[in-house]
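Shown next, in structure tokens, is the structure this report addresses.
Protein chains: 2
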Amino acid sequence: MAPNPAFDAIADADATAKRRPKNSLKGQQTKAAIVDAALGLATHIGLEGLSIGALAERMQMSKSGVFAHFGSREELQVSVVREYHVRFEDEVFFPAMKATRGLPRLRALFGNWIARTAVEIDQGCIYISGAIEFEDREGPVRDALVASMTLWLNALKRAVSQAKASGELSPETDEAQVTFEIHGLILTLHYQARFMRSTDALARAQTSFDHIMARYLPATRIQ
Amino acid sequence: MAPNPAFDAIADADATAKRRPKNSLKGQQTKAAIVDAALGLATHIGLEGLSIGALAERMQMSKSGVFAHFGSREELQVSVVREYHVRFEDEVFFPAMKATRGLPRLRALFGNWIARTAVEIDQGCIYISGAIEFEDREGPVRDALVASMTLWLNALKRAVSQAKASGELSPETDEAQVTFEIHGLILTLHYQARFMRSTDALARAQTSFDHIMARYLPATRIQ
């Protein structure tokens, strides 16, 4: 199934990287390995915790070796956000596109998102920690994070619109409001489960989703 | 009106401080001024951004002067969390206690919370940034943050219970679920307004609260 055009890759931050020498297959593999290690670090210690030095040590490379692939810490951070975005799409977005358009697809998007969030209770999530780190800092890292979240929330909103168009949700459904409320239950799940170590947050988040859906199911529909 | 016993001061972290010399009025005033400056810094740069050195510079004091009041950076951070807690109580909790027990008090608690969150869209909120900074770090700072959030969410839950007991909310109301959902709309408001700079997040959060209330208003009640 074709990817949804409004949720494909974010603006091409590779443009600068392409002007660099290391464009061989081996160079690309090394770069991918560095990004993978950086993403692993960033989910635990945050994007701002990343340093070329720490990463070089972890990769058993020289600092100048890592630097040759990224040029700056900021470029490394943007690459990490893009890689996170790609993985999020692969786990959450694309598999749900196989479900029938309308309520089944909306449920699949939510189901995949909550499943990923449940895994991230142990790992951290750079869409949540990054939002705090870059909330009042301008620049390409913040821009990449906002672009990524905006695309995702728009994809979710579109799925709500489609369920409304198919008559599976009532014509009064406010898709932006539904999207806001679903985002909220994911943020609370993360906060209460990861930070407060609440054991019932996952069940509460599922119930919240059912509440939101119940509000908009047409009166005649039997769940 | 007497303070609610379950939402009063968190465990006394002053115990160590009391063993220190600077217990004169002037010493206490200086300490309060340092905490005030530290809180101002922490809401912008996070609790982990605080350092005794930066604070000494801001206060035009020596590092050892600041150190004499706190002993460690961790103790300073805990004092900041406690001060934040006191201000949160003063702004959000105590004024709402003047409202009639039941739905009016619940609405007042929510109204004060959302008003404070709206102000923090420009400032940052240490209950949200602190949750990210300390999500997998053990110690007294994390403990103080969790204790504070737990007390507050319990106070909110109790207000929901009282509205259920008074018959203003339906007997089927699940107070823990309602509390989870209200927490969610505050987190989303902060995320979308502060990080994504959405202009309609405040209205969406208000609508979310109305949706939650509408679900539990007794069938016969006219809003």
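Residue numbers (our numbering), protein chains in the order written: chain A, 15 to 237; chain B, 15 to 237. Note that CB positions come from ideal geometry on N, CA and C, so glycine has one too. Values in this document were obtained by computation on a predicted structure and should not be read as measured data.
Own chain residues within Cβ distance below 8 Å of residue i, not counting five before or after
| i | result |
| --- | --- |
| Cys139 (chain A) | Thr57, Thr131, His204 |
| Ile66 (chain B) | Lys77, Val80, Phe81, Phe84, Arg87, Leu90 |
| Gly153 (chain A) | Glu88 |
Spatial distance of residue i from residue j (CA atoms)
| i | j | result |
| --- | --- | --- |
| His83 (chain A) | Gln42 (chain B) | 53 Å |
| Glu186 (chain B) | Gly125 (chain A) | 26 Å |
| Leu231 (chain B) | Ser180 (chain B) | 12 Å |
| Ile59 (chain A) | Thr213 (chain A) | 23 Å |
| Arg172 (chain B) | Ala51 (chain A) | 45 Å |
| Thr164 (chain B) | Met210 (chain A) | 8 Å |
| Glu182 (chain B) | Arg119 (chain A) | 37 Å |
| Ser162 (chain A) | Met75 (chain B) | 44 Å |
| Val160 (chain B) | Ser143 (chain B) | 13 Å |
| Gly198 (chain B) | Met73 (chain A) | 39 Å |
| Gln220 (chain A) | Asp188 (chain A) | 20 Å |
| Ile218 (chain B) | Asp224 (chain A) | For clarity, residue 218 (chain B) is Arg in the given sequence; the question names Ile instead. For Arg218 (chain B) and Asp224 (chain A), the distance between alpha carbons rounds to 19 Å. |
Neighbour-count burial assignment, residue i, 16 or more Cβ in a 10 Å radius
| i | result |
| --- | --- |
| His91 (chain A) | In the sequence under discussion, the amino acid at residue 91 (chain A) is Gln, which differs from the His named in the question. Answer is buried; the Cβ neighbour count reaches 16. |
| Ala47 (chain B) | exposed |
| Glu71 (chain B) | exposed |
| Val100 (chain B) | exposed |
| Leu39 (chain B) | exposed |
| Val133 (chain A) | exposed |
Candidates the options, of which the one nearest residue i by Cα
| i | options | result |
| --- | --- | --- |
| Trp127 (chain A) | A:Ala110, A:Glu88, A:Leu159, A:Arg115 | A:Ala110 |
| Val106 (chain B) | B:Val49, B:Ala169, B:Ala217 | B:Ala169 |
| Gln206 (chain B) | A:Ile146, A:Ser38, A:Glu97 | A:Ile146 |
| Leu167 (chain B) | B:Ser38, B:Met73, B:Met75, B:Phe102 | B:Phe102 |
| Phe194 (chain B) | B:Ser222, B:Lys178, B:Ser184, B:Ala217 | B:Ser222 |
| Leu49 (chain A) | A:Arg151, A:Glu97, A:Phe108, A:Glu62 | Leu is not the amino acid found at residue 49 (chain A); the sequence shown has Val there. Val49 (chain A) has its Cα closest to that of A:Glu97, out of A:Arg151, A:Glu97, A:Phe108, A:Glu62. |
| Tyr141 (chain A) | A:Ala158, A:Val174, A:Gly153 | A:Ala158 |
| Val192 (chain A) | A:Pro154, A:Arg151, A:Leu117, A:Val155 | A:Leu117 |
| Gln137 (chain A) | B:Arg151, B:Gly198, B:Gln137 | B:Arg151 |
| Val174 (chain A) | A:Arg115, A:Arg156, A:Gly153 | A:Arg115 |
| Gln176 (chain B) | B:Leu61, B:Glu62, B:Leu123 | B:Leu123 |
CB contact flag (residue i, residue j, <9 Å)
| i | j | result |
| --- | --- | --- |
| Ile8 (chain B) | Ile226 (chain B) | With chain B covering 15 to 237 only, the question about residue 8 (chain B) has no answer from this structure. |
| Leu55 (chain A) | Ala68 (chain A) | yes |
| Ala113 (chain A) | Arg121 (chain A) | yes |
| Ala215 (chain A) | Thr202 (chain A) | yes |
| Gly94 (chain A) | Leu64 (chain A) | According to the sequence shown, residue 94 (chain A) is Val rather than Gly. In this structure, Leu64 (chain A) lies closer than 9 Å to Val94 (chain A) by Cβ. |
Spatial neighbours of residue i in its chain, beta-carbon cut-off 6 Å, leaving aside the 5 residues before and after
| i | result |
| --- | --- |
| Arg208 (chain A) | Ile135 |
| Lys45 (chain A) | His83 |
| Glu149 (chain B) | none |
| Ser184 (chain A) | Tyr230, Pro232 |
Cβ-based neighbour list, residue i, same chain, cut-off 7 Å, excluding 5 preceding and 5 following
| i | result |
| --- | --- |
| Tyr61 (chain A) | As written in the sequence, residue 61 (chain A) is Leu, which differs from the Tyr given in the question. Excluding residues within five positions, the ones whose Cβ falls inside 7 Å are Gln91, Val94, Ile140, Gly144, Glu147, Val155. |
| Lys178 (chain A) | Pro185, Thr187, Glu189 |
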